[in-house]
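What follows is a single structure, written as structure tokens, with notes after it.
There are 2 protein chains.
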Amino acid sequence: MKRSGILNAELAAVIAGIGHGQTILIADAGMPRPSDIAIVDLAVVLGCPSFIDVVSAIVRECSIEKYTIATELLGSDSEVLPQLRACLEDTAEEAVSHTDLKELSKGALVFVRTGEATPYANVLLTASVVF
Amino acid sequence: MKRSGILNAELAAVIAGIGHGQTILIADAGMPRPSDIAIVDLAVVLGCPSFIDVVSAIVRECSIEKYTIATELLGSDSEVLPQLRACLEDTAEEAVSHTDLKELSKGALVFVRTGEATPYANVLLTASVVF
């Protein structure tokens, strides 16, 4: 079996093939999913797996140049924002309205659903290149 | 969104449709997957989600009359066996060789892969009826 990193076969395939500027949407359990893009549904039950566990796994395997969150997350007092920033330190942060984030998600290469039950725990990751 | 229970859309569909005597195989991250059955790949990275978290979620939603494990698990000192028995108390336990469990998995309605990294953390659940 694979020695380390992401084990989910579909997600591993997407990350292996992602190009510069393409995006991945990592979502809480309730974010609406665009109908025309690939979905990797990792949600088991509410809270499992957590948003940050999935973000961490993806960021360790895929180089990111920018991440986009909802402005509504900036105003929340959940642990998600500091955890996300710790995960993506030295990466440019951008905030748009939750409505705009939903629009942006339609252009993502893949929509990754977690079991997270924290409002606005969604992030659009923009891939960079490693050379 | 769904109020409670299993959120994974494919897994929820399988459980909603399962009939008496049909089986579900819940596996660690390394169990070989038969090629002709449905796969729900929940594995994120090693250890996430855990075997027992996924078993618990499925057992809460689906009535089970028997569970089958590998005899090799009986001889291990991992936490998996007592956790599994606690999860499935009052349900008949059956043990077969790991080789036989792999054969039995070919007849499962679905193969659910977790991120579990404990040897022999695999179980075949046989569905009962609720009436």
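Protein chains in written order, with this note's numbering: chain D, 40 to 170; chain Y, 40 to 170.
A virtual CB, placed ideally from N, CA and C, is assigned to each residue, including glycine.
Under DSSP, the beta-bridge partners assigned to D:Leu163 are D:Leu64, D:Thr107.
With respect to chain Y, the C-beta atom of D:Leu85 has a partner C-beta closer than 8 angstroms.
Taking the Cα positions, Y:Gly69 is about 22 angstroms away from D:Val151. In the DSSP secondary-structure assignment, Y:Val135 is bridged to Y:Ala109. Assignment of beta-bridge partners to Y:Asp80 by DSSP yields Y:Arg152. Against chain D, a Cβ distance below 7 angstroms from Y:Leu81 picks out Leu81, Val83. Pairwise C-beta distances place the stretch 43-58 of chain Y out of contact with the stretch 100-115 of chain D, as fewer than three of them are shorter than 8 angstroms. At a Cβ-Cβ threshold of 8 angstroms, Y:Ile63 and Y:Glu100 do not count as neighbours. Exposed is the label assigned to D:Ser74, since fewer than 16 other Cβ atoms lie within 10 Å of its Cβ.
Distances from the CA of D:Cys126 to each of D:Cys87, D:Glu104, D:Gly56 were compared; the closest alpha carbon is that of D:Glu104.
For Y:Ala166, the closest C-alpha among the options Y:Ser117, Y:Val98, Y:Ser43 is that of Y:Val98. Contacts with chain D at 8 angstroms (Cβ-Cβ) include Y:Asp92.
Not flagged as an interface residue toward chain D: Y:Leu112, since no C-beta distance is shorter than 8 angstroms. Within a 10 Å sphere around the beta-carbon of D:Ser89 sit 16 or more other beta-carbons, which makes this residue buried. Shown in chain order are the members of the stretch 58-75 of chain D whose Cβ falls below 7 angstroms from a Cβ of chain Y: Ala68, Gly69. The beta carbon of D:Val169 sits closer than 6 angstroms to those of Ser102, all from its chain and outside the five residues before and after it, given in chain order. Residue burial annotation: Y:Thr157 is buried, with at least 16 other C-beta atoms found within 10 angstroms of its C-beta. In the three-state scheme derived from DSSP, where H, G and I count as helix and E and B as strand, Y:Cys87 is classed as strand. If you look at D:Val119, you'll find it in the alpha helix (DSSP H) that goes 119-126. Not flagged as an interface residue toward chain D: Y:Gly56, since no C-beta distance is shorter than 8 angstroms. Here D:Leu81 really is in contact with Y:Val83; their C-beta atoms are around 6 angstroms apart, less than 8 angstroms.
The Cβ atoms of D:Asp67 and D:Thr138 do not sit closer than 8 angstroms to each other. Residue contact with chain Y for D:Ala160: absent (no Cβ-Cβ distance below 8 angstroms to any residue of chain Y).
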